[in-house]
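Colleague: First, the structure itself, so that you have it in front of you.
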Amino acid sequence: MQTHAYAYAVPVLLLIERETDDRPSVERLVADARDVLRVERVTSLDAGVKRLREPGIKGVLLDLLLPESRDLSSVDELRRVAPDKAIVVLARASDQLLARRAVDRGAADYVVTDHLDARTLCQLIAMMFQRRSLEEQRFVERERAEVTLNSICDAVVTTDITGNVTYLNREAEARTGWSRFDAFARPVMEIFDVMDGLTGEIAQNPARLAIEKRAGVGFEGGFILVSRDGKETAIEHSASPMHDHRGKIVGAVIVFRDVVVSRDRSRQMLHLAEHDALTDLPNRLLFNDRLTRAIALARRHQRRLAVLFLDCDRFKHVNDTLGHEAGDQLLQSIARRLTASVRESDTVSRHGGDEFLILLSEVDQPGGAAQIANKIIAAVAAPHDVAQHEICLTASVGISLYPEDGQDAQTLIMHADAAMYDAKAAGRNQVGFFRPAADGWVSKRSSIESELRKGLERSEFRLHYQPTIDLLTGAIAGAEALMRWEHPARGLVPPDQFIPAAEACGLIVPMGRWALGEACRQAKAWQDAGLPPIPIAVNVSALQFRNAGFLEDIRDILQDTGLDPRYLELELTESALMVDVATTSALLSELKRSGVGLKVDDFGTGPSSLSYLQRFPVDVLKIDQAFVREIQPAPEGAPIVRAVIAMGKSLGCRVIAEGVETRQQLAYLKEEQCDEVQGYHFSPAVEPSAFEGLLTRAPWAFSSLGG
Ligand code: C2E
Ligand code: MG
Ligand code: MG
275 MQTHAYAYAV
285 PVLLLIERET
295 DDRPSVERLV
305 ADARDVLRVE
315 RVTSLDAGVK
325 RLREPGIKGV
335 LLDLLLPESR
345 DLSSVDELRR
355 VAPDKAIVVL
365 ARASDQLLAR
375 RAVDRGAADY
385 VVTDHLDART
395 LCQLIAMMFQ
405 RRSLEEQRFV
415 ERERAEVTLN
425 SICDAVVTTD
435 ITGNVTYLNR
445 EAEARTGWSR
455 FDAFARPVME
465 IFDVMDGLTG
475 EIAQNPARLA
485 IEKRAGVGFE
495 GGFILVSRDG
505 KETAIEHSAS
515 PMHDHRGKIV
525 GAVIVFRDVV
535 VSRDRSRQML
545 HLAEHDALTD
555 LPNRLLFNDR
565 LTRAIALARR
575 HQRRLAVLFL
585 DCDRFKHVND
595 TLGHEAGDQL
605 LQSIARRLTA
615 SVRESDTVSR
625 HGGDEFLILL
635 SEVDQPGGAA
645 QIANKIIAAV
655 AAPHDVAQHE
665 ICLTASVGIS
675 LYPEDGQDAQ
685 TLIMHADAAM
695 YDAKAAGRNQ
705 VGFFRPAADG
715 WVSKRSSIES
725 ELRKGLERSE
735 FRLHYQPTID
745 LLTGAIAGAE
755 ALMRWEHPAR
765 GLVPPDQFIP
775 AAEACGLIVP
785 MGRWALGEAC
795 RQAKAWQDAG
805 LPPIPIAVNV
815 SALQFRNAGF
825 LEDIRDILQD
835 TGLDPRYLEL
845 ELTESALMVD
855 VATTSALLSE
865 LKRSGVGLKV
875 DDFGTGPSSL
885 SYLQRFPVDV
895 LKIDQAFVRE
905 IQPAPEGAPI
915 VRAVIAMGKS
925 LGCRVIAEGV
935 ETRQQLAYLK
945 EEQCDEVQGY
955 HFSPAVEPSA
965 FEGLLTRAPW
975 AFSSLGG
């Protein structure tokens with residue numbers, strides 16, 4: 275172990291030496307110095323070259339008695355193979371002339387071997403190493419200076435003591451129009467052709483001034499540089515003397531910059547510091563600043579202002595499914611829409627990620643802020659053309675008002691955030707005002723998340739089942755599985771109070787997987803118990819649908835439970851389907867192939883496009899309750915419901931109406947030839963045991979209710 279480390283620590287010299295016994299062996303001479311030096315010996319140039327191609331050699335001792343050394347081709351060859359290694363030539367006294375020529379050809383030095391003793395040889399080798407490392411160091415320093423000089427925005431010209439150019443950096447080359455090569459050794463004022471901007475007189479030579487004064491000289495703007503091709507640039511410049519290591523002045527360095535460009539640049543820097551690079555919207559910093567000022571103004575004039583906190587719903591899916599580049603483009607598109615939705619005097623800012631802050635500096639009534647917030651939500655909801663996809667997404671907006679909800683920027687932003695979170699929890703795509711006494715449970719993101727996690731671990735979730743009724747036969751045509759949370763402290767919690775939060779934190783994926791498994795298990799158990807087989811519909815969240823393992827989950831669950839796929843139906847909301855039409859289409863086709871049924875939930879509420887729906891292999895459209903609620907007594911009826919039913923039929927789908935509560939609604943739906951109905955008029959969602967009771971009733975049980 276010891277020897278190993280030692281062998282690596284000591285520099286190795288390669289000795290290329292002809293077999294000879296008429297002089298002291300170099301190997302033997304350095305033997306005493308083995309603590310600081312090791313010699314590897316080869317006896318031909320070829321062997322030497324071969325060894326040099328491998329690592330570990332620090333320098334070369336080359337014997338001039340080698341046949342290839344007589345015409346010095348050995349030196350050329352070694353320099354070619356190992357340009358970074360020092361070569362020291364070993365020569366007899368009679369070969370000194372040849373040795374000097376070897377040095378001219380690139381060898382570092384030569385040693386006369388006639389009376390060579392160990393001490394001289396070791397000293398020589400030490401010097402050779404030292405010189406090499408100095409050269410390396412100087413090279414690194416020169417490189418560093420060069421890179422630095424070429425990456426700064428200032429132009430740099432150096433001169434020797436007589437004022438002739440020795441160097442130009444790239445910026446100086448660009449500004450003067452002179453290449454470093456052409457400029458070399460010319461009088462500096464030929465290259466640095468500067469006149470006084472006011473008088474047009476030729477400016478003083480700053481290099482000469484600096485050398486004469488032995489100090490730096492600076493000139494404000496007001497000078498014009500004329501480039502080699504006659505282009506004029508307003509500049510400011512300075513010059514300083516350069517010294518050698520003894521402190522003697524050896525030349526001067528002139529530094530100059532384009533005044534306009536540098537002014538633009540500092541303006542640009544300021545802009546960058548205050549704006550978001552992706553959307554070019556003001557960033558938090560600038561937003562805070564503007565909000566603080568706006569609050570001061572509002573206070574003075576006793577006016578109101580509003581802070582809107584906008585968060586995109588399910589933005590993560592876009593990133594996950596279409597990639598970050600598409601996500602970025604979508605954010606830019608959203609930013610443009612936001613800016614277009616507010617007044618010039620308002621500020622739209624990107625708060626980070628998919629969150630935006632909007633300052634409405636003049637609002638008279640809270641309703642005014644809500645109106646703008648709704649306008650913003652609508653603007654965001656219109657389809658975005660991004661990366662050859664038509665993307666639809668919604669947003670949730672929280673509003674806080676000055677002076678009601680806070681007196682300073684920080685508080686207003688925080689309260690707008692809380693209001694946004696409430697809006698999200700209330701089902702997304704909504705506007706919410708800050709409520710000081712908002713249910714702390716829902717507003718605190720982290721607490722509900724950890725509660726949900728616990729709920730999942732402790733199996734606190736349940737499925738209730740709500741029947742759908744076939745309007746022709748009056749029989750139960752199917753059931754929808756609806757999740758409930760049996761919270762130890764809060765009792766039975768309805769899904770609207772926890773599904774949005776579960777979606778926001780991603781827990782919906784394992785929760786949804788559980789629901790699928792449980793529904794299939796239950797369906798199979800009912801069938802095995804001899805109850806009439808009906809399909810069970812399970813709600814699938816967009817996030818779950820797009821989750822990589824979804825298809826596999828479905829297959830596994832069907833296999834594990836042994837349920838025939840045709841008794842499982844998936845309910846997907848319209849907005850979930852429209853996130854990315856191409857991917858949706860592919861996924862749905864896969865699902866269709868596996869034999870499960872596909873339903874579009876809440877039909878009519880989302881950003882749907884018939885042409886897309888046509889391409890999706892869906893079986894059932896579920897008309898949203900909101901439309902059913904609009905059904906009026908005859909003769910008005912509900913034109914939208916009628917249109918939606920007609921539309922569904924034209925797509926070749928069965929149509930189910932949700933939320934049917936009254937006899938009137940039922941009658942109308944029957945008349946319009948809706949296929950199935952679901953609603954409190956028949957039964958709410960009930961526990962499995964109660965649902966069994968419904969299933970065992972005679973198939974005509976509901977028909978009498980049909981009226
Ligand atoms: P949804 O899928 O549209 O389910 C229909 C909702 O309407 C259910 O509310 C149901 O109880 C209710 N409903 C049924 N008939 C009537 C009626 O006549 N009148 C009225 N006013 N309401 C009626 P629920 O159970 O509270 O579920 C709400 C939403 O939560 C569901 O809407 C669905 O989007 C979501 N959800 C429920 N379970 C799950 C689940 O397992 N996974 C996912 N991802 N979402 C679920
Ligand atoms: Mg549903
Ligand atoms: Mg629905």
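Heads up, this note's numbering is the position in the sequence shown plus 274, with the first residue counted as 1.
All C-beta atoms, glycine included, are put in the ideal place defined by N, C-alpha and C.
1. Any idea if Met785 is buried or exposed, counting beta-carbon neighbours within 10 angstroms, 16 or more meaning buried?
2. Give me the DSSP bridge partner(s) of His738.
3. Quick check: the Cα distance between Ser963 and Thr970, rounded to an integer number of angstroms?
4. Does the distance from the CB of Ala690 to the CB of Gly672 come in under 8 angstroms?
5. Can you tell me whether Trp715 is helix, strand or coil according to DSSP?
6. Is it a yes or a no for the region 381 to 393 touching the region 362 to 372, going by three-plus beta-carbon pairs under 8 angstroms?
7. With three or more beta-carbon pairs closer than 8 angstroms as the criterion, would you say the region 335 to 350 touches the region 285 to 293?
8. Can you tell me the Cα-Cα spacing of Gly495 and Thr668, whole angstroms?
9. Threshold first: 4 residues or longer. Then list the alpha helix (DSSP H) segments lying entirely within the region 776 to 839, N to C.
10. As a quick check of your reading: which residues have a C-beta less than 7 angstroms from at least one non-hydrogen atom of ligand 2, in chain order?
11. Helix, strand or coil: which one does DSSP assign to Lys1048?
12. Which stretch, first to last residue, makes up the alpha helix (DSSP H) that contains Arg541?
13. Between the alpha carbons of Ser863 and Gly911, how many angstroms are there, rounded?
14. Taking the alpha carbon of Ile665 as the reference point, which residue from Ala856, Ser615, Phe583 and Met516 has its own alpha carbon closest?
15. Take Ser717 and list the residues in its own chain whose beta-carbon comes closer than 7 angstroms to its own, dropping the five residues that flank it on each side.
16. According to DSSP, simplified to helix, strand and coil, what is Phe458?
17. Since Val637 and Arg578 are thought to touch, with beta carbons under 8 angstroms apart, how far apart are those beta carbons, to the nearest angstrom?
18. Taking 7 angstroms as the cut-off, is the C-beta of Pro769 nearer than that to any heavy atom in ligand 1?
19. Find out if the Cβ-Cβ distance for the pair Leu745, Val951 is shorter than 8 angstroms.
20. Count the other CB atoms, across all protein chains shown, that sit within 10 Å of the CB of Gly641; report buried if there are 16 or more and exposed otherwise.
21. Can you name the start and end residues of the beta strand (DSSP E) that Val934 belongs to?
22. Can the beta-carbon of Val705 be found closer than 8 angstroms to that of Ala644?
23. May I ask you to check if the CB of Val535 is nearer than 7 angstroms to at least one heavy atom of ligand 1?
24. Report the residue from Leu582, Ala683, Thr621 and His663 whose alpha carbon sits nearest the alpha carbon of Gln603.
25. Identify every residue that forms a DSSP beta bridge with Ile523.
26. Mark His575 as exposed unless 16 or more other C-beta atoms lie within 10 angstroms of its C-beta, in which case mark it buried.
27. Within this structure, are the beta carbons of Val500 and Ala513 separated by less than 8 angstroms?
28. In terms of DSSP beta bridges, what is Ala365 paired with?
29. Just checking my contact of Gln938 with Ile905 at CB under 8 angstroms: how many whole Å lie between their CB atoms?
30. Determine the burial state of Met402: buried for a count of at least 16 other Cβ atoms within 10 Å of its Cβ, exposed for fewer.
Modeller: On the basis of the data shown:
1. The residue you call residue 785 lines up with position 511 of the sequence shown. Met785 comes out buried.
2. By 1-based counting over the sequence shown, the position of residue 738 is 464. His738 is bridged to Leu756.
3. Counting from 1 along the sequence shown, the entry for residue 963 is found at position 689. Counting from 1 along the sequence shown, the entry for residue 970 is found at position 696. In a straight line, the C-alpha of Ser963 is about 11 angstroms away from that of Thr970.
4. Within the sequence shown, residue 690 is the residue found at index 416, counting from 1. Within the sequence shown, residue 672 is the residue found at index 398, counting from 1. Yes, they are a contact pair.
5. Mapped onto the sequence shown, residue 715 falls at position 441. The predicted model places Trp715 with a pLDDT of 46, which falls under 50 and marks its position as unreliable; any figure quoted below should be read in that light. DSSP places Trp715 in helix when its eight states are reduced to three.
6. yes
7. yes
8. Residue 495 sits at position 221 when you count from the first residue of the sequence shown. Residue 668 sits at position 394 when you count from the first residue of the sequence shown. So the alpha carbons of these two residues sit roughly 54 angstroms apart.
9. 782 to 802, 816 to 820 and 824 to 835
10. Glu754, Ala811, Asn813, Glu845, Asp875 and Lys896
11. There is no way to answer for residue 1048, as the model of the chain reaches only from 275 to 981.
12. Residue mapping note: residue 541 aligns to position 267 of the sequence shown, counting from 1. Its alpha helix (DSSP H) spans residues Val533 to Glu548.
13. Start at 1 with the first residue of the sequence shown, and residue 863 comes out as number 589. Start at 1 with the first residue of the sequence shown, and residue 911 comes out as number 637. In a straight line, the C-alpha of Ser863 is about 36 angstroms away from that of Gly911.
14. Translated into positions along the sequence shown, residue 665 becomes position 391. Comparing Cα positions, the closest option is Ala856.
15. Within the sequence shown, residue 717 is the residue found at index 443, counting from 1. Note that Ser717 has pLDDT 47, beneath the 50 cutoff, so the model's placement of it is unreliable and no number is given.
16. Working through the sequence shown from its first residue, we reach residue 458 at position 184. Three-state DSSP puts Phe458 in coil, outside helix and strand.
17. Position 363 of the sequence shown, counting from 1, holds the residue named residue 637. Position 304 of the sequence shown, counting from 1, holds the residue named residue 578. Indeed they touch by this definition, with Cβ atoms about 5 angstroms apart.
18. Working through the sequence shown from its first residue, we reach residue 769 at position 495. At least one heavy atom of ligand 1 is nearer than 7 angstroms to the Cβ of Pro769, so yes.
19. Residue numbering aside, residue 745 sits at position 471 when the sequence shown is read from its first letter. Residue numbering aside, residue 951 sits at position 677 when the sequence shown is read from its first letter. Yes, they are a contact pair.
20. In the sequence shown, counting from the first residue as 1, residue 641 sits at position 367. So Gly641 counts as exposed.
21. Translated into positions along the sequence shown, residue 934 becomes position 660. First-last for Val934: undefined, no H or E at that position.
22. The residue labelled residue 705 in the question sits at position 431 within the sequence shown. The residue labelled residue 644 in the question sits at position 370 within the sequence shown. Yes, they are a contact pair.
23. Taking the sequence shown and counting its residues from 1, the one referred to as residue 535 is at position 261. No; taking the cut-off as 7 angstroms, the Cβ of Val535 has no heavy atom of ligand 1 nearer than that.
24. Reading the sequence shown from its first residue, position 329 is the one you call residue 603. Nearest option by C-alpha distance: His663.
25. By one-based count along the sequence shown, residue 523 stands at place 249. Its beta-bridge partners are His517.
26. Translated into positions along the sequence shown, residue 575 becomes position 301. The residue is exposed, with fewer than 16 neighbouring Cβ atoms inside 10 Å.
27. Within the sequence shown, the letter at position 226 stands for residue 500. Within the sequence shown, the letter at position 239 stands for residue 513. Going by C-beta atoms, Val500 is not nearer than 8 angstroms to Ala513.
28. By one-based count along the sequence shown, residue 365 stands at place 91. DSSP lists Val386 as partners of Ala365.
29. Mapped onto the sequence shown, residue 938 falls at position 664. Mapped onto the sequence shown, residue 905 falls at position 631. Gln938 to Ile905, Cβ: 7 angstroms. Contact.
30. Taking the sequence shown and counting its residues from 1, the one referred to as residue 402 is at position 128. It is buried - the Cβ of Met402 has at least 16 other Cβ atoms within 10 Å.
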